[in-house]
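Heads up, the sequence shown is in the working numbering, so the first residue is 71 and it goes up one at a time. The structure under discussion appears below in the form of structure tokens.
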Amino acid sequence: MNNITFTILGSSSGFPQPDRNSAGYVVSHGPALVLIDCGGGVTSSFMRAGFDPLAVDHVVITHTHPDHCCEIPLFIQLQHLAGRVRPLTIHVPEEFVAPLKAFLPSVYIIAERFQFDMTILGYTGGTVFEEPLHISAHPNEHLEGYADDIQRLDLSNKMQCHSLVIQGDSARIVHSADLSSFEELRRLLKRGDDLVIVESTHIDITDFLSFAGSNPQTTYLITHLGDVRAVEELQGRIDKTGLENVQLAKDGMSIPVTA
Ligand SMILES: [Zn+2]
Ligand SMILES: [Zn+2]
Numbered sequence: 071m072n073n074i075t076f077t078i079l080g081s082s083s084g085f086p087q088p089d090r091n092s093a094g095y096v097v098s099h100g101p102a103l104v105l106i107d108c109g110g111g112v113t114s115s116f117m118r119a120g121f122d123p124l125a126v127d128h129v130v131i132t133h134t135h136p137d138h139c140c141e142i143p144l145f146i147q148l149q150h151l152a153g154r155v156r157p158l159t160i161h162v163p164e165e166f167v168a169p170l171k172a173f174l175p176s177v178y179i180i181a182e183r184f185q186f187d188m189t190i191l192g193y194t195g196g197t198v199f200e201e202p203l204h205i206s207a208h209p210n211e212h213l214e215g216y217a218d219d220i221q222r223l224d225l226s227n228k229m230q231c232h233s234l235v236i237q238g239d240s241a242r243i244v245h246s247a248d249l250s251s252f253e254e255l256r257r258l259l260k261r262g263d264d265l266v267i268v269e270s271t272h273i274d275i276t277d278f279l280s281f282a283g284s285n286p287q288t289t290y291l292i293t294h295l296g297d298v299r300a301v302e303e304l305q306g307r308i309d310k311t312g313l314e315n316v317q318l319a320k321d322g323m324s325i326p327v328t329a
């Protein structure tokens, strides 16, 4: 059985912070790595953590806010410069496939020059891929507040944002991505989940903490954090509950999911 570890490359909210990178996570399954989201600073953070770029065959982007996807071109450039020959698949919300393919050549990311096959695949929900881990996407309402702008400006955006369920041999991880409410995440959670990654910016923390208190066997990691003051306040609220299964994310932090 391959051990699974979850590593935080970036734990900041959409408001970039001096001491945290934007959203990015690595799930390692034995020697295989999956990169989830690729916000600002994530590529450097990936290298700082000592990961091998060539061990990543799949990248999954939860949604296209800049703090989750702005370093995709840099991560592809890293793959090229690291000498990649194995295929690389970048899974993005279906609405982003055409814009990303159109954008990459403008920053001189030209797939025809690479020695590896790069595929940009769109998803809208359900299974994203099955190996080395089974990852499924679950649409949430995080981007629905843009509906009026999209209609008024006649944009092609479809407001696609997804939480992810990551299933390994004997481990289940739920990654919230950004949400519109904690209720959206709660629907995906199961008793006995090993690890739940919860974004803190758009949810009711009181609701969340009371849920975490009634599921002591699960580890909850709070990420997507604001400035130092906001983090201190959040830590104070966690400390008050006395919960030992709730932690605040830090860049570079690694959590073993299977022993
Ligand atoms: Zn975000
Ligand atoms: Zn977002």
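The C-beta atom is built at its ideal place from N, Cα and C for all residues, glycine as well. Computed from a predicted model, the values in this text were never measured in an experiment.
Contact under 8 Å by Cβ, residue i with residue j
| i | j | result |
| --- | --- | --- |
| Ser206 | Gly192 | no |
| His161 | Val198 | yes |
| Asp248 | Glu269 | yes |
| Ser280 | Leu258 | no |
| Cys108 | Val126 | no |
| Ser83 | His294 | yes |
| Gln237 | His204 | yes |
| Leu291 | Leu265 | yes |
| Gly111 | Ser98 | no |
| Thr113 | Ser324 | no |
| Leu304 | Ile275 | yes |
| Pro326 | Thr75 | yes |
| Ala119 | Gly322 | yes |
| His133 | Cys231 | yes |
Whole-angstrom distance between residue j and residue i, CA atom to CA atom
| i | j | result |
| --- | --- | --- |
| Leu79 | Leu170 | 23 Å |
| Glu165 | Leu225 | 11 Å |
| Ile308 | Leu255 | 19 Å |
| Gln336 | Asp239 | There is simply no residue 336 to check, as the chain begins at 71 and stops at 329 in what is shown. |
| Pro202 | Ala102 | 7 Å |
| Asp187 | Pro163 | 20 Å |
| Pro136 | Ala172 | 17 Å |
| Asp277 | Asp219 | 31 Å |
| Asn285 | Arg261 | 7 Å |
| Gly368 | Thr289 | Residue 368 lies beyond the range of the chain shown here (71 to 329); nothing can be said about it. |
| Asn72 | Asp263 | 18 Å |
| Val316 | Ala282 | 7 Å |
| Leu174 | Pro157 | 17 Å |
| Ser81 | Val301 | 11 Å |
| Pro123 | Ala217 | 37 Å |
| Gly153 | Arg222 | 45 Å |
| Ile190 | Pro88 | 31 Å |
| Thr194 | Met229 | 11 Å |
| Phe121 | Arg299 | 31 Å |
| Lys320 | Arg90 | 8 Å |
| Ile131 | Gly94 | 9 Å |
| Val96 | Val167 | 22 Å |
| Phe184 | Ser176 | 16 Å |
| Glu182 | Lys310 | 56 Å |
| Val235 | Ile106 | 12 Å |
| Gly100 | Glu200 | 15 Å |
Boundaries (first-last residue) of the alpha helix (DSSP H) holding residue i
| i | result |
| --- | --- |
| Leu71 | It should be noted that the sequence gives Met, not Leu, for residue 71. Looking at the DSSP string, Met71 is not in any alpha helix (DSSP H), and its letter there is neither H nor E. |
| Glu141 | First-last for Glu141: undefined, no H or E at that position. |
| Gly322 | It is not in any alpha helix (DSSP H) - Gly322 carries neither H nor E in the DSSP assignment. |
| Arg256 | Phe252 to Arg256 |
| Ala300 | Val298 to Thr311 |
| Leu213 | First-last for Leu213: undefined, no H or E at that position. |
| Ser226 | Ser226 -> no alpha helix (DSSP H), and no H or E assigned at all. |
| Gly283 | Ile275 to Gly283 |
Endpoints, beta strand (DSSP E) assigned at residue i
| i | result |
| --- | --- |
| Asp127 | Val126 to Val130 |
| Phe199 | Gly196 to Phe199 |
| Thr271 | From DSSP, Thr271 is part of no beta strand (DSSP E); its letter is neither H nor E. |
| Gly94 | Gly94 to His99 |
| Tyr242 | For clarity, residue 242 is Arg in the given sequence; the question names Tyr instead. Here the beta strand (DSSP E) through Arg242 covers Arg242 to His245. |
| Pro102 | Here residue 102 is Ala; the residue named in the question, Pro, does not match the sequence. Ala102 -> beta strand (DSSP E) spans Ala102 to Ile106. |
Touch check for the segment 234–246 and the segment 139–150: three-plus C-beta pairs under 8 Å? no
Do the segment 247–266 and the segment 205–221 touch if we need at least three Cβ pairs shorter than 8 Å? yes
Heavy atoms of ligand 2 versus C-beta positions, residues under 5 Å
His135 and Asp248
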